[in-house]
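Number 305 in this note's numbering belongs to position 67 of the sequence shown; there are no gaps in the numbering. Taking it in order: structure first as structure tokens, then the write-up.
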Amino acid sequence: PGGRDFRSLPAENATAIAAGLLFPEIFQDTAFELNTMNPVLQELYTNMLKYWIAEVDLDGYRLTAASHVTADFTAYLSTHLRFYASALGKENFFIVGEVNQATTPFGESYLGRVQGREGPRTLPKKVQGVLEELCQLPVAKRSGAGRYYSALPDQEPGLLSSCLARVVSAGVILADWPIRPSSALGACDMKRPAPRWNPRHGRRGTLLVMLMAVVPMAFVVPEWWRQGWPRQQMNSMAEAELLSQVAALLMLDSAPLEEMFRNFPAPEGWGGNYLEPDLSLYGVLKDEDAALFVEYDGYWRHEEKEGMEKDMKKNAALLTYAPAGSYVIRISHTTNRPLQGNVLWVKADTWTRGEEKSLSTVLMDIFVQLKTSGFVELVHPRVRSRLDSHTCSGSSKLSLEAQLLVHATVVVGSGNTTDEISHFLSAKGFSLQDCKLMQQQGVCCGTSIERTLQPKIHWLSDLGLTKSQVAKAVATHPLILGYSIDQNLKPTVQWLSDLGLTKSQVAKAVATSPQILGYSIDQNLKPTVQWLSYLGLTKSQVAKAVATSPRILGLSIDQNLKPTVRLFLELGLTKSQVAKAVATYPPILWCSIDQNLQPTVQWFLELGLTKSQVAKAVANFPQILGLSIDQNLKPKIHWLSDLGLTKSQVAKAVATSPQILSYSIDQNLKPKIHWLSDLGLTKSQVAKAVATFPQILGYSIDQNLKPTVQWLSDLGLTKSQIAKAVATSPQILGYSIDQNLKPTVQWLSDLGLTKSQVAKAVATSPQILGYSIDQNLKRKIHWLSTLGLTKSQVAKAVATFPQILGLSIDQNLKPTVQWLSDLGLTKSQVAKAVANFPPVLGLSIHKNLKNKVKLLQWFLTPSRFVGLVAQCPRIFSYSQQRLEDRVHVLSKQGSLGKLRGAMSLTEEAFHKRFVSLVVRNKNR
């Protein structure tokens, strides 16, 4: 090909092409060719040989016709096989290759000894040119062939060759490497076309001809690595799926991927017998002896304060164990931080388990972050080159070896296939959506139906969970499938029942927070309940808190509960208020102090609330501390301001009724304002009503507001009177018709008021509908009776001046009566004055009565003054200026005896009758 005949090359020059010489005489028109430089083929074939090592306890392999295979494949295969066998305890696994050409440069030698640290993975580049020329020749001679393989003679296949030949016949090992693990494995059951015999090689029982390879590892394994040992199982399928692909790209050495998941001796102070990093790599950094640990923080507990602290502690332990210059990469779904203290946090999206496209997208994002974070400056140049090449391609091709490792991890469990699990779940009545949810998050291939899935699902169903709740519980907390029913699940449920939860509450708690089934009764559940009791919650309150928020049972007393309570006490809440707040809203205990509680408290202080008002608001409605400042609090405040409330009114409204901040603007607040406007209130009246009584925003239009307005209308109030009553006293819309309104109206009727008088009294002073009959109304009536008013006079007084029922006996009524008595009025005169003009009891002594009495006493004799007050107490209701003007006019005319009638005249009538008369007299 290309005018070059490689067969004519002298044997001594064969090493000039870096151990990549192919002997073309093996290729025949009837031969299959496998592209042995294809990494997909290398991984698949090597893993198949690993399988037989473990399956039938092999101690070695003989590779037939080894001189007819590219050196890169032989080096890759021998390195991985020996490493895998070593992990199984076979330290002297033997590999021998057949070489029967006298001209071969490979006879009696070891393949893979290359200069420096140029490992087997670099060899394909050196022989690519040879491959392109030689491997196209036999393919071109076969009409219609669109693919090439390499050196597969037409022969009767042996055991291994039979397996791979079926894969080949399925067309999954292509030149452009489009192989999927599921396709390759599934193809093993397909039939192969009848084999053809190649007389040149006889009836050999091997598939691929290879030459002997005993290859030392490309990197010297560092001491810290050798002190560790491979893990027997993965922590989670998600971890295996993600990190095996990360290892396949970053690890330059050809050590098997399963070796990267290993444990190490724990450094002093770690607190355990060994360290268990999620992924451990060497040779990745510029310092090839340094370690790179990769941690996958996909579990939700890593996001909590306690989990973060444990992660920081583990970072320190890993870096303490490893040599200087080592690093830790933490991959999570929530945190992205720059490189600090040899630790880099990378944020990755979630992916659908088993779906290559979504996993590939996540991997690409991770690798791009490694490039752009500055971490790339720390890695080995060849790793950097690999990252550059990988990210520039625009898509992340998944490693077959990594995928097979994940599959092997599943198979170890000796469970059921995905199809079997799907059929089982469908037969149990789970919907397609529930099946997908469980299989994506919690139940995967390899889970045993008989031993794990069926008993747990049956138990959860008997507990009271619906099928969708079971699906969600398993998906949310897949570890539940590993709990023992007798040792974990039943005792925990019994403990919850003994705590006071009903069966339905236990079921709801498990459905909401299935992780509680994994908590230790003695180390978690009992201490937390004991602490809540010490805080001041009663047994029933503790049971209710656990039933509504079972997550609190997993919180750390020292790291979560105590610091939160300490913050509330420092804010100004009493211990009993804290206990009430926790009993009312237990989720407050898992709010972050730094991210939720302190910023929200500071925001309220900046809004204008005092510290004591904030404390009162938290005590009355602790849920406000769980609201988002940007998504909840700020939009509500802005809306209240646009409504017309001043900043001080907004602050007062929030302090009075913090619940309004939890209401939806579109679903709650706006409809209430629109309804009030339709009722007849002006925009300013609506704003004043909200500022005066913000609780109105929480009432239901259909269940509270409309029925109350209809009741007022039925009582006899007009629409304008109702609007005025609401604007004056919006609290009436919150009164219960049966418990407040009807009893009060009935009481007024029994007092002697007619229906129209009652309606007028309510329209004039709607506040009376909210007064307690026993504690307010009856006491006022009794006091008026002892003052000397008859029953009819009392009824008339209430009908005339219903506000009297809202006046304080000690602060208003008694002082005013005493003041009238001190003026010289007898008890009967005081009673008469109150009966004639009951509003006199509502006038201020200092701001109203004193100045007017002083004026009248200057012009009138004591007896005339007392008589005037007793006969006409209404005189005190007129303005000071009006009284002064008319007293002076009448005094000059000597007509003070007409003062009582003159005060009721209009300005025009008074001027015509008295002032004009003086002018006429002067003219005469």
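Every residue, glycine too, gets a C-beta built ideally from N, C-alpha and C. In this text the structure is predicted, and so the values were computed from the model without any measurement.
Residue range of the unbroken alpha helix (DSSP H) whose run includes residue i
i, result
"Arg804", "800-809"
"Lys1018", "1016-1025"
"Phe321", "309-325"
"Leu597", "594-610"
"Leu1079", "Unbroken run through Leu1079: none, as it is neither H nor E."
"Pro1100", "1100-1109"
"Gln779", "777-786"
"Ser488", "In the sequence on display, residue 488 carries Leu and not Ser. Run containing Leu488: 475-488, per the alpha helix (DSSP H) assignment."
"Thr822", "813-822"
"Ala1033", "1029-1038"
"Val1068", "1065-1074"
Presumed contact (8 angstroms Cβ cut-off) between residue i and residue j, rounded CB distance
i, j, result
"Leu205", "Val731", "In the structure displayed, the chain extends from 239 to 1162; residue 205 sits before or after that span and is not available."
"Ser634", "Ser598", "4 angstroms"
"Leu1098", "Leu1106", "7 angstroms"
"Gln1031", "Ala1071", "So it is not a contact: roughly 11 angstroms between Cβ atoms."
"Gly563", "Ala528", "4 angstroms"
"Gln1005", "Gly1044", "6 angstroms"
"Trp802", "Ile831", "The residue asked about is misnamed: residue 802 is Thr in this sequence, not Trp. Contact flag correct, Cβ pair sits at about 6 angstroms."
"Asn870", "Leu899", "6 angstroms"
"Phe1039", "Pro1076", "4 angstroms"
DSSP three-state assignment for residue i, whether helix, strand or coil
i, result
"Gly466", "coil"
"Val529", "Here residue 529 is Ala; the residue named in the question, Val, does not match the sequence. Here Ala529 sits in strand by DSSP."
"Asn726", "helix"
"Asn285", "helix"
"Trp589", "coil"
"Ala1147", "helix"
"Pro1053", "helix"
"Lys363", "The predicted model places Lys363 with a pLDDT of 37, which falls under 50 and marks its position as unreliable; any figure quoted below should be read in that light. It is helical."
"Ser879", "helix"
"Pro619", "helix"
"Leu513", "strand"
"Ser994", "helix"
"Asn1086", "helix"
"Asn501", "strand"
"Pro896", "helix"
"Asp760", "helix"
"Ser915", "helix"
"Gly651", "No answer about Gly651 holds up, because its pLDDT of 45 lies below 50 and its placement is not dependable."
"Trp583", "strand"
"Gly298", "strand"
"Leu557", "helix"
"Ser1010", "coil"
"Tyr772", "helix"
"Ser518", "strand"
"Leu863", "helix"
"Leu793", "coil"
"Leu1134", "helix"
Nonlocal neighbours in the same chain, by C-beta distance under 7 angstroms from residue i, ignoring five residues either side
i, result
"Val1091", "Leu1061"
"Ala711", "Leu698, Leu703, Ile718, Val748, Ala749, Pro752"
Contacts around residue i, its chain only, beta-carbon distance under 8 angstroms, and the 5 residues preceding and following it disregarded
i, result
"Leu287", "Tyr299, Leu315, Leu319, Leu398"
"Phe662", "Asn654, Ile687, Leu691, Gln692"
"Ser1129", "Phe1097"
"Val644", "Met475, Ala478, Glu479, Ser482"
"Ser1154", "none"
First and last residue of the uninterrupted beta strand (DSSP E) at residue i
i, result
"Ile569", "565-570"
"Val1153", "Run containing Val1153: none; DSSP gives neither H nor E here."
"Arg1124", "Arg1124 -> not in any beta strand (DSSP E); alpha helix (DSSP H) instead, spanning 1118-1131."
"Ile333", "332-335"
"Gln578", "575-578"
Nonlocal neighbours in the same chain, by C-beta distance under 6 angstroms from residue i, ignoring five residues either side
i, result
"Glu607", "Per the sequence presented here, residue 607 reads as Gln, with Glu not at that position. Cβ neighbours of Gln607 beyond the five flanking positions: Val584."
"Leu369", "Bear in mind that the predicted position of Leu369 carries a pLDDT of just 37, short of 50, making it too unreliable to give a figure here."
"Glu533", "Asp516, Arg568"
"Leu773", "Ala817"
Uninterrupted alpha helix (DSSP H) stretches inside the region 825-851 (no shorter than 4 residues): You should have 836-845.
Completely contained alpha helix (DSSP H) runs for the region 923-992, where each covers 4 or more residues: At a cut-off of 4 residues, the continuous stretches assigned as alpha helix (DSSP H) that sit fully inside the region 923-992 are 944-953, 957-966, 980-989.
Residue ranges of each beta strand (DSSP E) within the region 700-752, 3 or longer: Fully enclosed beta strand (DSSP E) runs of 3 or longer: not present.
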